[in-house]
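Residue numbering for the sequence shown follows the UniProt record's numbering, starting at 669 and increasing by one per position. From the three backbone atoms N, C-alpha and C, an ideal C-beta is built for every residue, glycine too.
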Amino acid sequence: AKTDGRNLVRVFEPWMEQAVARRIQLVSELRGALDGDQFELYYQPQVEGGRIVGSEALLRWHHPERGLVGPAEFIGIAESTDLILPIGAWVLRAACRQLARWAAVPHNARLAVAVNISIRQLMEDNFVRDTLAVIADTGADPRCLKLEITESMGIEGVEETIAKMEALRRHGIRFLLDDFGTGYSSLAYLKRLPLEQLKIDRSFVRDILVDPNDASIARSVVALAQALGLSIIAEGVETMAQRDKLLELGCHRFQGYLYGRPMPAEEFEDMVAAGVAR
Ligand code: C2E
Ligand code: CA
Ligand code: CA
Ligand code: CA
Numbered sequence: 669a670k671t672d673g674r675n676l677v678r679v680f681e682p683w684m685e686q687a688v689a690r691r692i693q694l695v696s697e698l699r700g701a702l703d704g705d706q707f708e709l710y711y712q713p714q715v716e717g718g719r720i721v722g723s724e725a726l727l728r729w730h731h732p733e734r735g736l737v738g739p740a741e742f743i744g745i746a747e748s749t750d751l752i753l754p755i756g757a758w759v760l761r762a763a764c765r766q767l768a769r770w771a772a773v774p775h776n777a778r779l780a781v782a783v784n785i786s787i788r789q790l791m792e793d794n795f796v797r798d799t800l801a802v803i804a805d806t807g808a809d810p811r812c813l814k815l816e817i818t819e820s821m822g823i824e825g826v827e828e829t830i831a832k833m834e835a836l837r838r839h840g841i842r843f844l845l846d847d848f849g850t851g852y853s854s855l856a857y858l859k860r861l862p863l864e865q866l867k868i869d870r871s872f873v874r875d876i877l878v879d880p881n882d883a884s885i886a887r888s889v890v891a892l893a894q895a896l897g898l899s900i901i902a903e904g905v906e907t908m909a910q911r912d913k914l915l916e917l918g919c920h921r922f923q924g925y926l927y928g929r930p931m932p933a934e935e936f937e938d939m940v941a942a943g944v945a946r
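Below, the structure written as structure tokens:
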């Protein structure tokens with residue numbers, strides 16, 4: 669640290685400058701990604717009763733130098749800038765375009781697509797209008813569109829959020845609460861959100877066979893969903909043993925590497941056509 673003449677210690681160490689520089693570079697590269705068509709949606713199958721019933725759309729970035737980059741490396745930065753808004757809008761449009769394409773193919777027609785929505789998007793005044801405009805433009809069936817939100821929304825703006833969710837729900841769009849159990853929302857808040865589904869977080873599924881606490885939590889989430897009239901899905905299902913345990917606890921819908929990793933749309937179509945093995 670350097671000291672200037674008046675006892676003020678400047679806290680910028682060289683590594684911090686590097687981190688700031690990396691951030692600035694990432695932000696400018698993300699802008700380029702939007703302009704340069706470097707994003708792609710991958711689709712991860714969701715399975716019930718041995719059938720693919722839908723998918724979650726997961727964003728991928730074809731970085732010109734670094735290759736395929738996952739969202740963990742850039743969604744946080746996008747959320748801390750306004751970039752999540754155009755990126756989120758791109759994602760929604762791409763997913764709706766895909767839905768419309770699949771609707772034209774009989775055996776794909778009913779497949780729902782779940783899209784991750786950042787709270788920043790939901791807080792936008794025009795979120796309802798913009799989302800409905802994308803539906804109209806693309807011709808997607810809103811009943812096949814699910815929006816995944818997380819508990820990290822915090823309490824401010826809940827009234828408005830609920831009103832927006834209800835407005836979209838009137839058009840057939842469904843909402844689900846992602847990563848359930850990892851956030852801090854109260855049950856009273858959960859009760860008020862117009863949700864259709866809860867998603868059991870991967871962190872409870874991972875050790876479900878060895879940690880009785882995780883099994884208890886999963887069981888409670890299933891019971892809670894049933895009490896609230898919500899459907900339930902578990903993410904991060906990697907083994908048949910985990911799947912069987914979840915079935916025993918009352919969860920019948922799964923997403924995870926056991927069935928397939930997130931994959932390009934064409935691969936997903938092939939998988940739907942071939943049917944699920946497990
Ligand atoms: P998420 O919504 O919890 O998505 C599930 C993540 O778990 C995905 O990581 C997926 O590849 C991974 N996963 C799925 N099955 C398994 C499994 O069996 N085992 C393990 N270990 N992992 C599994 P991904 O694609 O890297 O996405 C990470 C996060 O980035 C997502 O977590 C979501 O929060 C965010 N994200 C992804 N796409 C978007 C997007 O379009 N918009 C926004 N706002 N966020 C996105
Ligand atoms: Ca998700
Ligand atoms: Ca999740
Ligand atoms: Ca998760």
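Contact between the segment 754 to 761 and the segment 782 to 789 is established, with three or more Cβ pairs separated by less than 8 Å. Secondary structure at Phe-742: coil, using DSSP grouped into helix, strand and coil.
Looking at the backbone, the Cα of Glu-934 and that of Trp-683 are separated by about 43 Å.
By the CB criterion at 8 Å, Met-939 and Ile-720 fall inside the cutoff. In its chain, beyond the 5 residues on either side, Leu-698 have a beta carbon closer than 6 Å to the beta carbon of Leu-751. Taken in chain order, the whole alpha helix (DSSP H) runs of length 4 or more contained in the segment 714 to 766 are 743 to 748. Spanning the alpha carbons of Ile-745 and Glu-685 requires a straight line of approximately 16 Å.
CA-to-CA, the gap between His-731 and Asp-805 works out to about 28 Å. Take Lys-859, set aside five residues on each side of it, and the residues of its chain with a beta-carbon closer than 8 Å to its own are Leu-896, in chain order.
Beta-bridge annotation (DSSP): Tyr-710 is paired with Leu-726. From the listed residues Gly-943, Glu-937, Pro-930, the smallest Cα separation to Pro-739 is found for Pro-930. Of the residues Ala-808, Leu-845, Asp-869, Leu-863, the one whose Cα lies closest to the Cα of Arg-837 is Leu-863. Around the CB of Val-889, 16 or more other CB atoms lie within 10 Å, so the residue is classed as buried. Residue state for Ser-696 is assigned as helix, using DSSP reduced to three classes. Remark: C-beta atoms of Lys-913 and Ile-885 do not approach each other more closely than 8 Å. Here Thr-850 is exposed: its Cβ has fewer than 16 other Cβ atoms, across all protein chains shown, within 10 Å. Within the same chain, and ignoring the five residues on either side of Val-688 in sequence, no residue has its Cβ closer than 6 Å to its Cβ. Annotation: the segment 878 to 912 contains the following complete segments of the beta strand (DSSP E) (minimum length 3 residues), in chain order: 899 to 902. For Met-791, the closest alpha carbon among the candidates Ala-772, Lys-832, Ile-743 is that of Lys-832.
The criterion of a C-beta distance shorter than 8 Å is satisfied by Leu-727 and Leu-709. Around the beta carbon of Ser-696, fewer than 16 other beta carbons lie within 10 angstroms, which makes this residue exposed.
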